[in-house]
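*Asks:* In the numbering used here, the protein residues as written are -8 to 288.
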Ligand code: NAD
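Structure below.
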């Protein structure tokens, strides 16, 4: 029997619809601002995709395309200005940044309340303590994908392969918050297959093409493939992509996300929802003018 395919586009579509509906209910249109330095082709195309999706769900915003020669001080000044601008709901700095710029200094300068990538240490702390956070987009997108397909998480044994700050660790926090029993495996984990075989929900985020083989999967498990590796170029000159999960896993698992077309579309959709979430919180925190004008007794 072949695993059910948990396709990303319908789940991402539902997420985008939610972002569109919630954005339309706000007094002011949310704005997503993206700062990009230089002309790295991958960054240019990621930012263009974000801009396109923002337009699709009715968000405003600006791409601040700066020259590669922009100094760290100039970048920090722009971030400060956008942090202070009440029209800006979401602000992200596209990575990687040119050498000579301290990425963590720059990311930490973004206001945590506008940090729609969810990378700021304040958001990391909020995530782990259960306070309202802006969650990192890929892990939050994985949870949304599982919810869309009705995959239960409470009490389930989840094994995540990968412990990065942008995928593995925040995903562990989100799964814990959904009452899963969570194990994180990584490059130094011993007897990985024995561990992954215990998973009801197995999440692969190692960046190693086809490295999760059928012997590593419990029959009936749900397998989420976050990995995306470029493994060559097609005859048409397009990148050939592979996930972390070997295609034969489909013979063992109950359900499986494809690559491409699985988790990928969820990430950008979650970014749109995060922008709306940030706008909702920021706009709710504003004192309405008519109240601000009333003199205190
Ligand atoms: P990373 O390189 O920062 O982390 C990889 C993790 O995998 C590390 O924690 C490492 O310990 C673990 N690992 C590596 N080899 C291993 C092995 N043999 N056994 C067990 N663990 C091993 O990568 P990342 O940024 O977390 O990304 C992981 C993958 O997910 C990449 O393929 C990346 O392209 C993809 N990704 C996809 C999306 C998306 O939108 N779909 C978003 C982010 C990352």
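For every residue, glycine included, the Cβ atom is placed at its ideal position computed from N, Cα and C.
Small disclaimer: the values here were computed from a predicted structure and weren't measured.
#1: If you pair each beta-carbon of the region 212 to 230 with each one of the region 182 to 200, do three or more pairs fall below 8 Å?
#2: In terms of residues, what are the limits of the beta strand (DSSP E) holding residue 232?
#3: Quick check: what's the CA-CA separation for residue 69 versus residue 204?
#4: Just to check my reading of the structure: residue 200 and residue 178 have Cβ atoms closer than 8 Å, yes? What is that Cβ distance to the nearest angstrom?
#5: Any chance the CB of residue 258 is under 7 Å from a heavy atom of ligand 1?
#6: Based on the DSSP output, what are the partners of residue 138 in its beta bridges?
#7: Just the C-alpha distance for residue 282 and residue 173, rounded to the nearest angstrom, thanks.
#8: Using a Cβ-Cβ cutoff of less than 7 Å, which residues in the same chain neighbour residue 135 once the five nearest sequence positions on both sides are dropped?
#9: What three-state label does DSSP hand residue 276 in the structure shown?
#10: Answer yes if the region 141 to 155 comes into contact with the region 109 to 127, meaning at least three C-beta pairs across the two stretches below 8 Å, and no otherwise.
#11: Does DSSP classify residue 52 as helix, strand or coil?
#12: Enumerated in chain order, which unbroken segments of the beta strand (DSSP E) with a length of 3 residues or greater are wholly contained in the region 186 to 264?
#13: Using 8 Å as the Cβ pair cut-off and three pairs as the minimum, do the region 58 to 67 and the region 242 to 256 touch?
#14: Taking only three categories from DSSP, how would you classify residue 149?
#15: With H, G and I counted as helix, E and B as strand and the rest as coil, what does DSSP make of residue 12?
#16: Kindly indicate which three-state DSSP category residue 2 falls into: helix, strand or coil?
#17: With a CB to CB cut of under 6 Å and the five nearest residues on each side skipped, what residues in its chain are close to residue 207?
#18: For residue 15, count neighbouring Cβ atoms within 10 angstroms of its own Cβ and tell me buried if that reaches 16, exposed if not.
#19: Kindly identify the DSSP beta-bridge partner or partners of residue 81.
#20: Could you give the C-beta distance for residue 21 and residue 248, rounded to a whole number, given that I count them as a contact under 8 Å?
#21: State the Cα-Cα distance for the pair residue 229 and residue 35, rounded to the nearest angstrom.
#22: Any idea which residues DSSP pairs residue -4 with across the strands?
*Replies:* Reading off the structure:
#1: Touching, yes.
#2: Here the question's residue 232 lines up with position 241 in the chain shown. According to the DSSP assignment, residue 232 belongs to the beta strand (DSSP E) that extends over 230 to 233.
#3: Residue mapping note: residue 69 aligns to position 78 of the chain shown, counting from 1. Residue mapping note: residue 204 aligns to position 213 of the chain shown, counting from 1. Each residue's Cα considered, the two are about 47 Å apart.
#4: What you label residue 200 is simply residue 209 of the chain shown in a count that begins at 1. What you label residue 178 is simply residue 187 of the chain shown in a count that begins at 1. In this structure residue 200 does not touch residue 178 by the C-beta definition: roughly 15 Å separates them, more than the 8 Å allowed.
#5: Walking along the chain shown from the start, residue 258 turns up at place 267. It does: the Cβ of residue 258 is within 7 Å (strictly closer) of some heavy atom of ligand 1.
#6: Within the chain shown, the letter at position 147 stands for residue 138. The partner list for residue 138 (beta bridge, DSSP) is empty, contrary to what the question assumes.
#7: What you label residue 282 is simply residue 291 of the chain shown in a count that begins at 1. What you label residue 173 is simply residue 182 of the chain shown in a count that begins at 1. Since pLDDT at residue 282 reaches only 49, below the 50 mark, its modelled position is unreliable, and the value read off the structure follows with that caveat. Pairing residue 282 with residue 173, the inter-Cα distance amounts to about 47 Å.
#8: Stepping through the chain shown from its first residue, residue 135 is reached at position 144. Only 2, 6, 257, 261 meet the Cβ criterion.
#9: Working through the chain shown from its first residue, we reach residue 276 at position 285. Coil, per DSSP.
#10: For the pair of segments examined, the region 109 to 127 was found not to touch the region 141 to 155: the number of CB pairs separated by less than 8 Å stays below three.
#11: On the chain shown, residue 52 is found 61 positions in, with the first residue counted as 1. Strand.
#12: Segments of the beta strand (DSSP E) lying fully in the region 186 to 264: 192 to 195, 213 to 216, 220 to 224, 230 to 233.
#13: Touching, no.
#14: For this step, residue 149 is matched to residue 158 along the chain shown. Correct three-state label for residue 149: strand.
#15: Against the chain shown, residue 12 aligns to sequence position 21. The answer is helix: DSSP assigns residue 12 an H, G or I state.
#16: Position 11 of the chain shown, counting from 1, holds the residue named residue 2. In this structure, residue 2 counts as helix in the three-state DSSP scheme.
#17: If you number the chain shown from 1, residue 207 lands on position 216. Excluding positions up to five away in sequence, the list reads 184, 187.
#18: By 1-based counting over the chain shown, the position of residue 15 is 24. Flag for residue 15 reads exposed.
#19: Within the chain shown, the letter at position 90 stands for residue 81. DSSP lists 23 as the bridge partner or partners of residue 81.
#20: Looking up residue 21 in the chain shown gives position 30. Looking up residue 248 in the chain shown gives position 257. Incorrect: roughly 28 Å between the Cβ atoms, too far for contact.
#21: Numbered from 1 along the chain shown, position 238 holds the residue referred to as residue 229. Numbered from 1 along the chain shown, position 44 holds the residue referred to as residue 35. The alpha-carbon atoms of residue 229 and residue 35 are separated by roughly 17 Å.
#22: Looking up residue -4 in the chain shown gives position 5. In DSSP, residue -4 forms a bridge with 247.
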